[in-house]
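Colleague: Going by this note's numbering, the first residue of the first sequence is number 288, and it counts up by one from there. All residues carry an ideal CB built from backbone N, CA and C; glycine is no exception. Below is a structure I'd like to ask you about.
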Amino acid sequence: MAFQGPKGTRDFYPEDMQVISFIFNTWKRTAWLFGFEEYEGPMFEHLDLFTKKSGEEIVKQLYNFKDKGDRDIALRPEITPTLARMIVARGSSLKKPVKWFSIPRLFRYERMQKGRLREFHQLNLDIIGEAGISADAELIAAVVFMMKSFCLASTDFKIRVNSRKLMSECLSALGFPAEKIPAAYSILDKKGKIEPEALQEMYAKDGIAGSDVQIIENLLACASLDHVRALVAAKADQVPALAEIDEFFSKISAYGLSEFVLFDIAVIRGLAYYTGIVFEVFDEQKSLRAIAGGGRYDALIEQFGGEPTPAVGFGMGDVVLYELLKEKNLIPQYRKPVDVYIINFNKDDSLPAISFASLLREKGVSCEFSLKGQNFKKQMEHAQHARMVAFVGGDEWKEGKVKIKDMGSGEEKVVEKDEAYSILAMGTHPPAP
RNA sequence: GUGCUAGUAGCUCAAUUGGCAGAGUACCAGAUUGUGGUUCUGGGCGUUGGGGGUUCAAGUCCCCUCUGGCACCCCA
Numbered sequence: 288m289a290f291q292g293p294k295g296t297r298d299f300y301p302e303d304m305q306v307i308s309f310i311f312n313t314w315k316r317t318a319w320l321f322g323f324e325e326y327e328g329p330m331f332e333h334l335d336l337f338t339k340k341s342g343e344e345i346v347k348q349l350y351n352f353k354d355k356g357d358r359d360i361a362l363r364p365e366i367t368p369t370l371a372r373m374i375v376a377r378g379s380s381l382k383k384p385v386k387w388f389s390i391p392r393l394f395r396y397e398r399m400q401k402g403r404l405r406e407f408h409q410l411n412l413d414i415i416g417e418a419g420i421s422a423d424a425e426l427i428a429a430v431v432f433m434m435k436s437f438c439l440a441s442t443d444f445k446i447r448v449n450s451r452k453l454m455s456e457c458l459s460a461l462g463f464p465a466e467k468i469p470a471a472y473s474i475l476d477k478k479g480k481i482e483p484e485a486l487q488e489m490y491a492k493d494g495i496a497g498s499d500v501q502i503i504e505n506l507l508a509c510a511s512l513d514h515v516r517a518l519v520a521a522k523a524d525q526v527p528a529l530a531e532i533d534e535f536f537s538k539i540s541a542y543g544l545s546e547f548v549l550f551d552i553a554v555i556r557g558l559a560y561y562t563g564i565v566f567e568v569f570d571e572q573k574s575l576r577a578i579a580g581g582g583r584y585d586a587l588i589e590q591f592g593g594e595p596t597p598a599v600g601f602g603m604g605d606v607v608l609y610e611l612l613k614e615k616n617l618i619p620q621y622r623k624p625v626d627v628y629i630i631n632f633n634k635d636d637s638l639p640a641i642s643f644a645s646l647l648r649e650k651g652v653s654c655e656f657s658l659k660g661q662n663f664k665k666q667m668e669h670a671q672h673a674r675m676v677a678f679v680g681g682d683e684w685k686e687g688k689v690k691i692k693d694m695g696s697g698e699e700k701v702v703e704k705d706e707a708y709s710i711l712a713m714g715t716h717p718p719a720p
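Have a look at this one:
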């Protein structure tokens, strides 16, 4: 093997491109149905655009280099900072709310696992400039719609939703020290993922003890919103986020998507910048890593130098989604795109095939023919992927006629050339613009 | 960044305690120059991922490295 692609990259052969296009097209169609517009930015940005959002630690998890002008550059590991930059640059001239989507190719310098590579695609949908919970509900409805568009059912996946705001209000109402709330988040995030001893270590490391431990344990034990409600019943006035998340779930019900969306107190997400609703999409068995994740980030645009602007968004990667679709046998079968195959009766004279192919192409019919004068049988073998076959050359060709064959039914007939065009053109499916 | 595991034909895999590298599939060509998915025959299938070491002899044992898979960390 002379050369290999770099670690964690993929080659997309035509059959792979057909799959990735299927995924992209499904994404784009849903984005369009929900009124999102597409945007795109550069694949590399100034390094500090990413450290601004995520801190210096992020540098060891991305590809960065100095360019010939001695500038610090990074291949983008996410597109949200680019989005924030673009939003800030247009400022108040954008009509709110902004509903934009993108399918960026992203790069992360990480050790690979199932569903995680160093180069991948990620759909991003964001709603910017709407503070109300209706934006969160609309966004999550779009996620569910998208998953349904792949023919995934509620028995295949669930969207697990929590609220950072709800968690911090509950913790405060129960008397948990405010400065330790971030540590509490990371412990909640570990629910069901680590051993009890490891949990004790985390408490010790973060200096959480006594009644504070009990507060977290009580929260962790909540399997539903009603449990949370009961836990803070005495201090309900200090937890307005409860009403908000109730409103969220009533909207989800109105969308008709209740079976797909559930409350899960263990969904916190690692990033510090989430301020409200957070959610993750998992396969039902939770055997794969999260298929998508997102939430509300009301402080980010301001952090990038813009006016205070509420925002909510999510990302969905192509790698894990592909794993799930493959597992559920929902990947469309490969189909060679050519529509008509032209066969030369006389393998030593390719001119009839050339002239007929040119005429078909002028008419917008996709076609090809053997480029190397193969015998009849070989040509037929190549033609078996085509929808229709046209036979040229020989006696019919001399009379201005062409024999055409439907490869599905096997039906054949000899027709005038002009008639052949219109018959062959029927049923063609040109690629969408 | 840490640990575990694997790598043989394009693909799926076999090869006795170390003893001449194989099968299927796919590909190309021909029995077939006017009819496809089926047969028959022939043909590349290869520095056994790469490098070094032990040995009369290494796909096999040892070391290094590359790539894949899994767990931890992280998950934007």
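#1: From the DSSP output, which residues share a beta bridge with PHE779?
#2: Kindly indicate which residue of GLU614, LEU544, PRO624 has the alpha-carbon position closest to the one of LYS401.
#3: Does DSSP put HIS672 in a helix, a strand or coil?
#4: Hey, quick one: how far does the beta strand (DSSP E) through ARG447 stretch, first residue to last?
#5: If you follow the alpha helix (DSSP H) that LYS704 is part of, which residue opens it and which one closes it?
#6: Quick check on GLU699: does DSSP put it in helix, strand or coil?
#7: Taking Cβ to Cβ, would you say ILE374 is nearer than 8 Å to ILE588?
#8: Going by C-alpha distance, which of ARG622, ALA371, LYS386, TYR396 is nearest ALA361?
#9: Buried or exposed for ALA496, please, with buried defined as at least 16 other CB atoms from any protein chain shown within 10 angstroms of its CB.
#10: According to the Cβ coordinates, are PHE656 and VAL568 closer than 8 Å?
#11: Label GLU324 either buried or exposed according to how many other C-beta atoms from any shown protein chain fall within 10 Å of its C-beta, with 16 as the threshold for buried.
#12: Report the rounded CA-to-CA distance for GLU546 versus ILE446, giving the unit in angstroms.
#13: Assuming ILE427 contacts LEU410 (C-beta within less than 8 Å), just tell me the rounded distance between them.
#14: Ends of the alpha helix (DSSP H) at LEU468?
#15: Measuring straight from C-alpha to C-alpha, what distance separates SER436 and PHE311?
#16: Identify every run of the beta strand (DSSP E) within the stretch 519–579, keeping only runs that are complete inside it and at least 3 residues long; order them along the chain.
#17: Can you pull the DSSP bridge partners for MET603?
#18: What are the boundary residues of the beta strand (DSSP E) that ILE360 is part of?
#19: Alpha carbon to alpha carbon, how far is GLY660 from GLU698?
#20: When the Cα of VAL448 is compared with those of PHE463, LEU334, ALA424, which residue comes out closest?
#21: For PRO639, count neighbouring C-beta atoms within 10 Å of its own C-beta (all shown protein chains included) and say buried if the count is 16 or more, exposed if not.
Modeller: The short version:
#1: Outside the shown range of the chain (288 to 720) lies residue 779, about which nothing can therefore be said.
#2: GLU614
#3: coil
#4: 444–450
#5: 704–712
#6: strand
#7: yes
#8: TYR396
#9: exposed
#10: no
#11: exposed
#12: 9 Å
#13: Going by Cβ atoms, the distance from ILE427 to LEU410 rounds to 14 Å, so no, they are not a contact pair.
#14: Correcting the residue type first, residue 468 is Ile in the shown sequence and not Leu. Element bounds for ILE468: 468–476.
#15: 12 Å
#16: 548–550, 564–570
#17: LEU410, ALA579
#18: 359–362
#19: 25 Å
#20: ALA424
#21: buried
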